[in-house]
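Step one of this worksheet: look at the structure below.
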Amino acid sequence: MIWVSAQEVIAFHDRILQRLPGVTGLSDPGRAEALIYRVQNRTHHEGVTDVFELAATYWVAIARGHIFNDDNKRTAFFVTMAFLYRNGIKIRDNDNTLENLTVEAATGEKTTDQLAQHLRERVTILSQHVRHSRTPCT
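All residue numbers for the sequence shown refer to full-length UniProt numbering, where the first residue is 1 and numbers rise by one.
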């Protein structure tokens, strides 16, 4: 598994703010590390190896965790897609469903399991080295 680090999450956020208006800064400097460890702990302590479950955990943790003063949802989306891409997966979104799912991740309307299933259903490229517990719909 190729993880996204807390420093990279912050860098993604900073790049977003270079292109779009928003409030800079972290709400709590230690929170980024804590949320990233939450994702990795799903593997180490819960035995989760499904890349889609882990991606959905990034999505929810960042969208709901309010690491930043602004643009948490956008950051959550881009970090999730980057994590999947690093692990051999590209996701399609022809109808902006992922934008709506990001809002639902932030509000708690979708669970991690539901988000993971939505990701599985939108796979366009799946590298052979990807570990998943369910067969993705391609």
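Just so you know, even glycine gets a beta-carbon here, dropped at the ideal spot from N, CA and C.
Straight-line CA distance for V39 to N94? Here residue 39 refers to the residue found at position 39 when the sequence shown is read from its first residue. Here residue 94 refers to the residue found at position 94 when the sequence shown is read from its first residue. Cα to Cα, the separation comes out at about 28 Å.
Taking C-beta to C-beta, are I125 and K73 nearer than 8 Å? As a first step, residue 125 must be located in the sequence shown, where it is residue number 125. As a first step, residue 73 must be located in the sequence shown, where it is residue number 73. In this structure, K73 does not lie closer than 8 Å to I125 by Cβ.
Same chain, Cβ closer than 8 Å to T97, five either side skipped, listed in chain order: Sequence index remark: in the sequence shown, residue 97 carries index 97 (1-based). Within the same chain, T97 has close Cβ partners H118, R122.
Run the CB neighbour count on M1, radius 10 Å, all protein chains shown included, and call it buried at 16 or more, exposed below. Working through the sequence shown from its first residue, we reach residue 1 at position 1. Burial call: exposed.
What residues match up with K90 in a beta bridge as DSSP calls it? As a working mapping, residue 90 is identified with position 90 in the sequence shown. According to DSSP, K90 bridges with I125.
Same chain, Cβ closer than 8 Å to D113, neighbours up to 5 away in sequence not counted: On the sequence shown, position 113 is the one that residue 113 refers to. Around D113: E53, A56.
D14 to H45, Cα distance in whole Å? The count along the sequence shown starts at 1 and reaches residue 14 at position 14. The count along the sequence shown starts at 1 and reaches residue 45 at position 45. For D14 and H45, the distance between alpha carbons rounds to 31 Å.
In angstroms with no decimal places, state the Cα-to-Cα distance between S127 and R92. Position 127 of the sequence shown holds residue 127. Position 92 of the sequence shown holds residue 92. About 15 Å.
Does the beta-carbon distance from A63 to A105 come in below 8 Å? Within the sequence shown, residue 63 is the residue found at index 63, counting from 1. Within the sequence shown, residue 105 is the residue found at index 105, counting from 1. Yes. Within cutoff.
Alpha carbon to alpha carbon, how far is G65 from E109? Give it in angstroms, no decimals. Reading the sequence shown from its first residue, position 109 is the one you call residue 109. Reading the sequence shown from its first residue, position 65 is the one you call residue 65. So the alpha carbons of these two residues sit roughly 15 Å apart.
Between V23 and N87, how many whole angstroms is the CB-CB distance? I'm expecting something under 8 Å. For the purposes of this step, residue 23 is identified with residue 23 of the sequence shown, where counting begins at 1. For the purposes of this step, residue 87 is identified with residue 87 of the sequence shown, where counting begins at 1. The pair is not a contact, with the Cβ atoms about 31 Å apart (cut-off 8 Å).
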